[in-house]
Amino acid sequence: MRNAALVLGIIAGIWGMIVGFFGYGYTEVIARMGELPDLAEQVDHPGRIRAFALIAPVLALAGGAMARSVAQVGGILLLLSAAGMYFAFGYGVFTMFPIALAGLGGLLALVAVKPDPH
1 MRNAALVLGI
11 IAGIWGMIVG
21 FFGYGYTEVI
31 ARMGELPDLA
41 EQVDHPGRIR
51 AFALIAPVLA
61 LAGGAMARSV
71 AQVGGILLLL
81 SAAGMYFAFG
91 YGVFTMFPIA
101 LAGLGGLLAL
111 VAVKPDPH
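Structure representation (structure tokens):
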């Protein structure tokens, strides 16, 4: 289970970085170029998007990396990452996979009380 949490956390972190790049970039473009009514409008909380574009994927990567050695801490980080991605970006077609992967990896890491057999 720890190995599965590691893999899920790393995949969620990489996919979350892609979502974060686009989320951060979108808020920057709208801030610099201005809104286009009914086409491209600024989000309600661009600071939240910008902050969690960095924080959530890093938590997923760190949680996945820690899942083998300190599984419970890694699991908590993965669950925090899933919650952060949902809080910042919501649930949609591009966020459902990193949220689900980080959440599942977090649950697997939390219930892994014994080390994986070699």
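Quick note on full-length UniProt numbering: the sequence shown kicks off at 1 and runs consecutively. Don't be surprised by glycine CBs; every beta carbon is placed ideally from N, CA and C. Quantities reported herein were computed from a predicted structural model and do not represent experimental measurements.
- L36 and G9 have their alpha carbons spaced roughly 37 angstroms apart.
- Here the alpha carbon of A109 sits roughly 39 angstroms from the alpha carbon of E41.
- With contacts defined by Cβ atoms closer than 8 angstroms, T27 and I11 do not form a contacting pair.
- Between G25 and the set G13, R2 and A51, the nearest pair of CA atoms involves A51.
- Counting along the chain, no alpha helix (DSSP H) covers V70, and no H or E run does either.
- Beta-carbon to beta-carbon, M66 and G74 are separated by about 4 angstroms, close enough to satisfy the 8 angstroms threshold.
- Nearest to V93 by alpha-carbon distance, out of L79, P115, A83 and W15, is W15.
- Put simply, of M96, M1, I18 and A5 the residue whose alpha carbon is nearest the alpha carbon of A53 is I18.
- Shown here, L36 sits in a strand according to DSSP, grouped into three states.
- In the DSSP assignment, G103 falls within the alpha helix (DSSP H) that extends over M96 to V111.
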